[in-house]
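A.B. asks:
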Amino acid sequence: MKLLAKVALTAALISGVAQAGVVVIANPTGPDALSKAQVSKLYLGKSKKLPNGAKAQVFEQAVGSAIRGEFHAGVTGKSDSQLQAYWSRLIFTGKGKPPKTIGSSSLIKSQVASHANAIAYIDSSEVDDTVKVVFTP
10 MKLLAKVALT AALISGVAQA GVVVIANPTG PDALSKAQVS KLYLGKSKKL
60 PNGAKAQVFE QAVGSAIRGE FHAGVTGKSD SQLQAYWSRL IFTGKGKPPK
110 TIGSSSLIKS QVASHANAIA YIDSSEVDDT VKVVFTP
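If you count the sequence shown from 1, position 134 lands on 143 in this note's numbering, and the numbers rise without skipping.
#1: So which of Gln47, Thr139, Lys109, Lys118 has the shortest CA-CA distance to Asn61?
#2: Considering Gln66, what are the terminal residues of the beta strand (DSSP E) in which it resides?
#3: Would you list the one or two residues that DSSP bridges to Tyr95?
#4: From the DSSP output, in three-state form, read off Asp132 for me.
#5: According to the neighbour-count rule (16 or more other Cβ atoms, all chains shown, within 10 Å of its Cβ), is Leu12 buried or exposed?
#6: Quick one: what's got a C-beta closer than 7 Å to Leu51's C-beta in the same chain, skipping five residues either side?
#7: What does DSSP give as the partner residues of Val33 in its beta bridges?
#8: Taking all protein chains shown into account, do 16 or more other C-beta atoms lie within 10 angstroms of the C-beta of Phe80, making it buried, or fewer, making it exposed?
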């Protein structure tokens, strides 16, 4: 019974945290909006450029983080293990390089704010005037 109570409490806490939601952010001088297809292609290495033709600098959350799982489930349709297999195949064949992984949302936001063609995803509660939201899954 105690285990069931702990599971219920954990689920309640996780759902409360996840309610804020994930948003894709860009530098304020970057694109005004991106579609789900554009974001997915950027994160899967199928596209390397933003709509304005500039080379995108894509930043990724840490492997295993809840926000990464939520983002990829909703945008690319891939789990962490599927992403790892996908990128391993592309790296092995020399056809791609995964987005740069940065360990925390605050560091990601700082990188996006300081690079004109950068995009990343963070929790919507962390958005401020140093970045702008370009897509909400």
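The beta carbon of each residue, even a glycine, is placed where N, CA and C say it ideally should be.
C.D. replies: In brief:
#1: Gln47
#2: 66 to 69
#3: None, per the DSSP bridge assignment.
#4: strand
#5: Unreliable positioning characterises Leu12 in this predicted model, as indicated by a pLDDT of 46, which lies under 50. A coordinate reading is not provided.
#6: Ala65, Val67, Ile128
#7: Tyr130, Phe144
#8: buried
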